[in-house]
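See below for the structure under consideration.
Number of protein chains: 2
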Amino acid sequence: MRNIKLTLSYDGSGYHGWQIQENAITVQEVLENAIMKLTGTKPKLSGCGRTDAGVHAKRYVASFKTESNIPCEKLPCALNRYLPEDIVCINAEDVSDIFDAQRSAKAKTYTYYVLNSQYRDPFLAKHSWHYRYEIDVEKMQKAAKFFEGTHDFIGFAAAGFTVSTTVRTIYSLNVSKENDLIKIEVTGNGFLYNMVRIISGTLVFVGNGKINVEDVADIIESRDRKRAGITAPADGLYLTEVYY
Amino acid sequence: MRNIKLTLSYDGSGYHGWQIQENAITVQEVLENAIMKLTGTKPKLSGCGRTDAGVHAKRYVASFKTESNIPCEKLPCALNRYLPEDIVCINAEDVSDIFDAQRSAKAKTYTYYVLNSQYRDPFLAKHSWHYRYEIDVEKMQKAAKFFEGTHDFIGFAAAGFTVSTTVRTIYSLNVSKENDLIKIEVTGNGFLYNMVRIISGTLVFVGNGKINVEDVADIIESRDRKRAGITAPADGLYLTEVYY
Numbered sequence: 137m138r139n140i141k142l143t144l145s146y147d148g149s150g151y152h153g154w155q156i157q158e159n160a161i162t163v164q165e166v167l168e169n170a171i172m173k174l175t176g177t178k179p180k181l182s183g184c185g186r187t188d189a190g191v192h193a194k195r196y197v198a199s200f201k202t203e204s205n206i207p208c209e210k211l212p213c214a215l216n217r218y219l220p221e222d223i224v225c226i227n228a229e230d231v232s233d234i235f236d237a238q239r240s241a242k243a244k245t246y247t248y249y250v251l252n253s254q255y256r257d258p259f260l261a262k263h264s265w266h267y268r269y270e271i272d273v274e275k276m277q278k279a280a281k282f283f284e285g286t287h288d289f290i291g292f293a294a295a296g297f298t299v300s301t302t303v304r305t306i307y308s309l310n311v312s313k314e315n316d317l318i319k320i321e322v323t324g325n326g327f328l329y330n331m332v333r334i335i336s337g338t339l340v341f342v343g344n345g346k347i348n349v350e351d352v353a354d355i356i357e358s359r360d361r362k363r364a365g366i367t368a369p370a371d372g373l374y375l376t377e378v379y380y
Numbered sequence: 137m138r139n140i141k142l143t144l145s146y147d148g149s150g151y152h153g154w155q156i157q158e159n160a161i162t163v164q165e166v167l168e169n170a171i172m173k174l175t176g177t178k179p180k181l182s183g184c185g186r187t188d189a190g191v192h193a194k195r196y197v198a199s200f201k202t203e204s205n206i207p208c209e210k211l212p213c214a215l216n217r218y219l220p221e222d223i224v225c226i227n228a229e230d231v232s233d234i235f236d237a238q239r240s241a242k243a244k245t246y247t248y249y250v251l252n253s254q255y256r257d258p259f260l261a262k263h264s265w266h267y268r269y270e271i272d273v274e275k276m277q278k279a280a281k282f283f284e285g286t287h288d289f290i291g292f293a294a295a296g297f298t299v300s301t302t303v304r305t306i307y308s309l310n311v312s313k314e315n316d317l318i319k320i321e322v323t324g325n326g327f328l329y330n331m332v333r334i335i336s337g338t339l340v341f342v343g344n345g346k347i348n349v350e351d352v353a354d355i356i357e358s359r360d361r362k363r364a365g366i367t368a369p370a371d372g373l374y375l376t377e378v379y380y
């Protein structure tokens with residue numbers, strides 16, 4: 137039995153996230169069907185994480201075991217024939233038996249895009265958060281530094297999670313701006329449900345002056361969801377790297 | 137009666153081009169309906185050009201006469217409330233009676249994007265031409281220079297046009313590459329039906345070696361559609377500027 141690690145890229149606009157669910161189309165379901173068409177067997181897929189409806193992935197890693205003997209260098213092209221244009225397989229590798237896309241992931245990078253302009257951009261409609269009000273990027277950059285390190289991020293998680301601990305480590309959180317597009321890039325060992333979107337919403341509120349830079353450390357420490365900013369829309373969020 | 141010049145930006149993926157037609161949704165129809173909802177009167181819109189189904193516009197200019205007294209600085213925001221997320225109005229100006237978006241246009245710039253990579257990009261699926269075979273950009277750059285100047289471009293026009301002359305002037309035609317994305321940018325005083333797409337298809341064929349750089353001047357002079365390259369897909373084409 138081979139164990140295969142797939143790297144995908146997908147535009148999440150048309151999907152209800154990664155994980156299979158009833159009555160809604162998901163990336164996992166589409167990928168499973170494509171693999172089944174290619175190999176003749178329905179795979180048991182492990183995905184590196186659940187992504188919410190509308191969230192995108194520049195890099196997403198999934199793994200599955202198979203009896204198929206298609207060589208890995210031919211697998212992406214073969215699979216892409218069965219995948220729709222908004223999902224693409226960009227790499228396949230044989231990995232050891234113990235590799236599991238979800239459990240083996242050591243860290244991830246997410247990128248969040250905020251379009252800070254008077255008018256919306258039709259080309260970024262489903263791919264950024266259009267925020268038309270004033271944003272001071274320097275304030276965001278200062279606030280970002282308070283998130284780095286190991287903290288209990290329970291105040292930055294949506295309700296309904298079932299994890300044993302809400303402590304996570306953020307290795308880096310950087311904010312930059314090119315033209316009208318603000319980029320928030322965060323790398324950490326794990327993220328709670330909606331954590332990147334709540335951090336992004338909080339940083340935008342800091343940039344707009346709704347939250348003071350000086351209060352951010354205290355807000356994190358308070359572990360109080362109500363003191364953080366809003367949950368930024370899913371459209372602006374991309375999973376950009378997964379580390380093993 | 138005021139005469140108003142609107143500047144729009146739209147993602148053409150979901151539209152059958154600009155011009156109103158039966159049984160297919162077009163940008164003109166959607167814009168007319170939005171203006172009617174805003175002003176109460178159905179406008180007679182003049183558009184700076186017909187764009188094909190699937191073609192995009194970073195800048196598109198349309199004009200119409202109206203009795204409405206909404207000031208121009210408020211018009212884009214007001215109109216955008218009635219426009220879908222893939223069409224946006226970014227400017228409105230009062231112009232003189234004789235201005236007409238179509239007839240007054242002096243020149244236009246189109247940009248064509250070719251994604252030259254092994255795998256497709258889900259984020260550029262409807263926004264570039266994915267060409268996986270080898271392309272030598274330098275060859276394209278050399279060939280591009282032969283198109284500049286005044287030529288009879290009848291060999292670079294799709295059948296079915298009704299224009300008095302097929303002579304056009306190309307002021308500049310530049311090819312550049314950033315990562316996997318090749319950008320073809322052409323400015324001219326006017327373009328025949330499918331002309332930019334046929335020039336782009338020809339340049340890609342030159343880059344791939346299907347057409348020799350040395351033959352390009354001769355192909356233009358031959359005025360023979362069959363000697364030029366294929367018509368590149370609509371998805372990669374953007375109207376980027378209109379000059380008055």
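Line by line, the protein sequences give chains A and B.
Residue numbers for the first sequence follow my numbering, so the first one is 137 and each next one is one higher.
Residue numbers for the second sequence follow my numbering, so the first one is 137 and each next one is one higher.
Cβ atoms here follow ideal geometry from the backbone N, Cα and C, with glycine treated the same way.
Query	Result
So which residues of chain A does residue 261 of chain B contact, with C-beta pairs closer than 8 Å?	147, 221, 222
Taking DSSP's pairing of strands, which residues face residue 230 of chain A in a bridge?	A:140
Does the CB of residue 369 of chain B have a neighbour CB from chain A at under 9 Å?	no
Anything in chain B within Cβ reach of residue 249 of chain A, meaning under 7 Å, just list it in chain order.	Result: empty, since nearest Cβ-Cβ is about 12 Å, beyond 7 Å.
Helix, strand or coil for residue 351 of chain B, going by three-state DSSP, please let me know.	helix
State the Cα-Cα distance for the pair residue 319 of chain A and residue 352 of chain B, rounded to the nearest angstrom.	43 Å
Roughly how many whole angstroms lie between the Cα atoms of residue 139 of chain B and residue 237 of chain B?	11 Å
Please report how far the alpha carbon of residue 278 of chain A lies from the alpha carbon of residue 349 of chain A, in whole angstroms.	7 Å
Taking C-beta pairs closer than 7 Å, name the residues in chain B that residue 258 of chain A reaches, listed in chain order.	145, 146, 147, 221, 222, 223, 224
Relative to the C-alpha of residue 145 of chain B, which residue among B:356, B:292, B:198, B:175 is closest?	B:198
What does residue 200 of chain A pair with, by DSSP beta-bridge criteria?	A:140
CA-CA distance, residue 365 of chain B and residue 330 of chain B?	12 Å
Report the start-end ranges of each alpha helix (DSSP H) in the segment 256-328 of chain B that is 4 residues or longer and not cut off at the edges.	273-283
Answer yes or no: do residue 212 of chain B and residue 227 of chain B have a C-beta to C-beta separation smaller than 9 Å?	yes
Would you mind working out which of A:308, A:186, A:246, A:303 sits nearest residue 282 of chain A, comparing C-alpha positions?	A:308
Helix, strand or coil: which one does DSSP assign to residue 219 of chain A?	coil
Just confirm the distance between the C-beta atoms of residue 368 of chain A and residue 337 of chain A, as a whole number of angstroms; I'd bet it's less than 8 Å.	4 Å
Identify the contact partners of residue 207 of chain B in chain A, using a Cβ-Cβ distance below 7 Å as the criterion.	Neighbours of residue 207 of chain B on chain A: none; closest Cβ ~16 Å, over 7 Å.
At a Cβ cut of 7 Å, what residues of the segment 173-206 of chain B count as close to chain A, listed as they run along the chain?	none
Check whether the segment 321-328 of chain A touches the segment 246-256 of chain A, taking contact to mean three or more Cβ pairs, one atom from each stretch, closer than 8 Å.	yes
Return helix, strand or coil for residue 244 of chain B, following the three-state DSSP convention.	strand
Could you name the residues of the segment 230-255 of chain A whose beta carbon sits closer than 7 Å to any beta carbon of chain B, in the order they occur along the chain?	255
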